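Undergrad: At position 338 of the sequence shown the residue is numbered 337 (numbering that gives the first Met the number 0), and the sequence of numbers has no breaks.
Even glycine gets a Cβ: it sits at the ideal position worked out from N, Cα and C.
Just so we're clear, the structure is a prediction, and the values are computed from it rather than from any experiment.
Submitted below is the structure of interest, expressed as structure tokens.
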Amino acid sequence: MDQLKKEIEFLKGVGPVRAEILQKELGIFTWGQLLMHYPFRYIDKSKFHKIAEINEASQYIQVKGKITNFNIVGAGRARRLVGNFKDDTGTIDLVWFQKPDWILKSLKENVEYIAYGKPKQFGYKFSIAHPEIKLVSNNNIEGNALDPVYHSSEKMKKFSLDSAGINKLMKALFEKLHPADLPETLPFSIIDEYNLMTRIQSIKNIHFPVDEKQLEKASFRIKFEEFLLIQLRLLKRKINRNIQYKGFVFKKIDDKFKRFFDEILPFELTNAQKKVLKEIRKDSISGKQMNRLLQGDVGSGKTIVALMTMLMALDNGFQACLIAPTEILALQHQESIKEMMDKIGVRAAFLSGSVKGKARKQLFLALKEGEIDILIGTHAILEDKVVFKNLGQVVIDEQHRFGVAQRAKMWTKNTLPPHVLVMTATPIPRTLAMTLYGDLDVSIIDELPPGRKPIVTSHRKESARLRVFGFLKQEVEKGRQVYIVYPLIEESETLDYNHLMDGYESITRAFPEYAVSIVHGKMKPADKDFEMQRFVKGETQIMVATTVIEVGVNVPNASVMIIESAERFGLSQLHQLRGRVGRGGDQSYCILMTGYKISKESKQRMEIMVETNDGFRIAEVDLKMRGPGNIEGTQQSGITDLKLANLSKDSKILQIARQAAVEILKKDPNLNNRDNESLKIMLRNSSTKWSRIS
Ligand code: ADP
Ligand code: MG
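Written out as structure tokens, the structure is:
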């Protein structure tokens, strides 16, 4: 039997009780899963600290010295045993809350010990609670100097499954394993080319590192393999698609495109926009289905690119559609696009859940008959009932809200899958993009239209509210418009709703002479739209809203964005919201209002927002602060398969692994070579999980 599939209960030192704990706390059911519970850091036990060097920032450390005396202090739950521990530079306290008698019996005064733990400061003194204690002997210095530290929970600690406990299990496990249990998984050519450690060596070294250098190599190899598998899977999907699916060829650039360009387009395209249009054009005559991701910061002008892409399809006798994640955004696209399209005789129509009854039926019919050229709408367009006559181009705005499965739904809407352009306004760090969208081609608009002034961002607390209102008044007097956004988070919906309403009231009271709009998720779509339109047309000066206005809304005259309880928003959301202003030629402002007491992380978020307008920078920081698992769209991406590799820290390794994946597939697209056999098996084993989403 495969040793690694053995149940964890039957490993020496585990048994039924601990097995249950390991299952519940870490999801470890088998020997193999334990093997993949990697240490998250290492302590260098060849190094000793002097007591005088201990400071607030000290992490886990080792000190060598003697206990000079013991005292029992405190009462009740605070009752504890304190040993004064002294080296030749100073003294700290070693503290035990549990089993003081046993400690007193087993430790002696004035004998040299090594104490290990994390010091904490109390007043001017440092102490280590429940230190690990060892006698000084030659053994402590020899052998493995790097001690692994494993994640463990309070519950696990109660059952002696702390880091040291897991280390023990790991030793027991390695005693049972044979080389044959850990066969090589990577092709030898790759091991050779990238100078990788073998699998067996790397797994051994990650748990029991011989030295820093070996550890480094081990960790590189394991991370490389994790990234390689994800990249192989993505690239294979791309290759298969290219083999399987031919694409419509849009030979002509004709009347509609040209007329739009010559007569309608109100500005010069930026160089970045031109470059992206060229990339798209190339795809659309390649004979293959386009699957392209268009990244660009808020306000970089993706919509025009999308529209011109759709016109290319139209010029070749095809229909096109544009899908947006919210009704408001879809409507706004419809408004702006329809007006321009009417002028050149292109028929644009709108579909969302709120288009009902007769109107819906008529629309379906017209679409099927080919009487509609561009359909703009929400995910209602994905429904099976929506049948096109000849759909050639799909544009999906704000991709991160749609899953891969939804994207794929559009493929079946014609005899060949239509070309797909997905646009995201939340810039994604390169590494994340390579992992989330590694099967797509990527275009980037890295330039804002000319004449934009960078938005000035500031962080203000409640005491500044009057001044903020004063500033707001000043801007409105100049003819500008203002957004005030409140958080709305499901768990505390009622409370948030009350805040919003309170805010609305205080605004109407503070500015009786202005017209104030309000938009929130509880309103009927028609009412929302009505209010939104009033603001768009400049009939109201202030828009009080929840995050329903987050994406895409375009009101160039709006110059102030006030975000209330800004500490409750994530970075990408803050950046998105800020992007609602700064869309015209005027100086724009974003004011982040927070409470007095905010967490360190919230403070960091405010600081980076104040510091930069660069969406890609913000995305990098976001990834570092939150980790990839918490970023929208990542749960289904395979990123959660990463055990050791870290997207924000290991981008170099990711790039090397991607390079390797390209090379492997170039030589052997179906992984049929013997050398690639285990890669093929690993991909197949993990594809059950993936098939659900692609
Ligand atoms: P986003 O990329 O966030 O979707 P939009 O497409 O909504 O951005 O464009 C933002 C604003 O910039 C719109 O008012 C649009 O008309 C304008 N715009 C787009 N491209 C240009 C350009 N090349 N020159 C000037 N203004 C532009
Ligand atoms: Mg947009």
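For residue 518, which of helix, strand or coil comes out of DSSP?
TA: Strand, per DSSP.
Undergrad: Going by Cα to Cα distance, which pick from 448, 245, 311 is closest to residue 277?
TA: 311
Undergrad: Quick check on residue 74: buried or exposed, where buried means 16 or more other Cβ atoms within 10 Å of its Cβ?
TA: exposed
Undergrad: If we define contact as Cβ-Cβ less than 7 Å, is residue 265 a contact residue for chain B?
TA: Among the protein chains of the structure shown there is no chain B, as only one such chain exists.
Undergrad: Answer yes or no: the CB of residue 298 versus the heavy atoms of ligand 1, is any distance below 6 Å?
TA: Because some heavy atom of ligand 1 lies under 6 Å away, the Cβ of residue 298 counts as near it: yes.
Undergrad: When the Cβ atoms of the segment 412-431 are set against those of the segment 270-288, are three or more pairs found closer than 8 Å?
TA: As far as the Cβ criterion goes, the segment 412-431 touches the segment 270-288, which means the pair count is three or higher.
Undergrad: If you measure between the beta carbons of residue 204 and residue 214, is that distance less than 7 Å?
TA: yes
Undergrad: Nearest-angstrom Cα distance between residue 17 and residue 182?
TA: 29 Å
Undergrad: Anyone know if the C-beta pair for residue 564 and residue 585 falls short of 7 Å?
TA: Against a cut-off of 7 Å, the Cβ pair of residue 585 and residue 564 comes out as no contact.
Undergrad: Would you call the CB atoms of residue 65 and residue 85 closer than 7 Å?
TA: yes
Undergrad: Exposed or buried, what is residue 149 when buried is set at 16 or more other beta-carbons lying within 10 Å of its beta-carbon?
TA: With 16 or more Cβ atoms within 10 Å of its Cβ, residue 149 is classed as buried.
Undergrad: Please determine, among 541, 578, 105, the residue with the shortest C-alpha to C-alpha distance to residue 131.
TA: Nearest option by C-alpha distance: 105.
Undergrad: Reducing DSSP to helix, strand and coil, say where residue 158 ends up.
TA: Shown here, residue 158 sits in coil according to DSSP, grouped into three states, outside any helix or strand.
Undergrad: Report the residue from 69, 161, 574 whose alpha carbon sits nearest the alpha carbon of residue 109.
TA: Of the candidates 69, 161, 574, 69 places its Cα closest to the Cα of residue 109.
Undergrad: Looking only at its own chain, which residues have a Cβ that is under 6 Å from the Cβ of residue 446, when we skip the five neighbours before and after it?
TA: 269, 271
Undergrad: Could you tell me whether the segment 231-248 touches the segment 655-675, using the rule of 3 or more Cβ pairs below 8 Å?
TA: yes
Undergrad: In chain order, what residues of the same chain lie with their CB nearer than 7 Å to the CB of residue 681, ignoring the 5 residues before and after it?
TA: 184, 228
Undergrad: Indicate the three-state DSSP secondary structure (helix, strand or coil) for residue 120 in the structure shown.
TA: strand
Undergrad: How far does the beta strand (DSSP E) with residue 3 in it extend, from its first residue to its last?
TA: From DSSP, residue 3 is part of no beta strand (DSSP E); its letter is neither H nor E.
Undergrad: Touching or not, the segment 512-526 and the segment 331-340, by the rule of three or more beta carbon pairs under 8 Å?
TA: no
Undergrad: Using only the heavy atoms of ligand 2, determine whether one of them is closer than 6 Å to the beta carbon of residue 302.
TA: It does: the Cβ of residue 302 is within 6 Å (strictly closer) of some heavy atom of ligand 2.
Undergrad: Return the CA-CA distance between residue 92 and residue 124, expressed in angstroms with no decimal places.
TA: 8 Å
Undergrad: At what residues does the alpha helix (DSSP H) containing residue 623 begin and finish?
TA: 614-625
Undergrad: Can you give me the start and stop residues for the beta strand (DSSP E) that residue 348 sits inside?
TA: 347-350
Undergrad: Between the C-alpha atoms of residue 381 and residue 321, what's the straight-line distance to the nearest angstrom?
TA: 11 Å
Undergrad: If you draw a straight line from the C-alpha of residue 13 to the C-alpha of residue 167, how long is it?
TA: 10 Å
Undergrad: Mind checking whether residue 448 and residue 614 have CB atoms under 7 Å apart?
TA: no
Undergrad: Looking only at C-alpha atoms, which of 88, 616, 595, 36 sits nearest to residue 63?
TA: 88
Undergrad: Buried or exposed for residue 112, going by 16 or more other Cβ atoms inside 10 Å?
TA: Classification of residue 112: buried, given that the 10 Å Cβ count is 16 or more.
Undergrad: Quick check: the Cα distance between residue 141 and residue 115, rounded to an integer number of angstroms?
TA: With a pLDDT of 45 at residue 141, under the threshold of 50, the modelled position of this residue cannot be trusted; read the value that follows with caution. In this structure, the straight-line span from the alpha carbon of residue 141 to that of residue 115 is close to 17 Å.
Undergrad: Out of 292, 288, 42, 567, state which residue places its alpha-carbon closest to the alpha-carbon of residue 208.
TA: 42
Undergrad: Start and end of the beta strand (DSSP E) containing residue 66?
TA: 60-72
Undergrad: Is it the case that the segment 560-577 contacts the segment 600-611, given that we only count it when at least three CB pairs across the two stretches are under 8 Å?
TA: yes
Undergrad: Are at least three pairs of beta-carbons, each pair with one atom in the segment 615-627 and one in the segment 489-506, less than 8 Å apart?
TA: Look at the beta carbons and you see the segment 615-627 not touching the segment 489-506: under three pairs across the two are nearer than 8 Å.
Undergrad: Report back the beta-carbon spacing between residue 503 and residue 475 to the nearest angstrom; my notes put them in contact at under 8 Å.
TA: That pair is no contact at about 16 Å.
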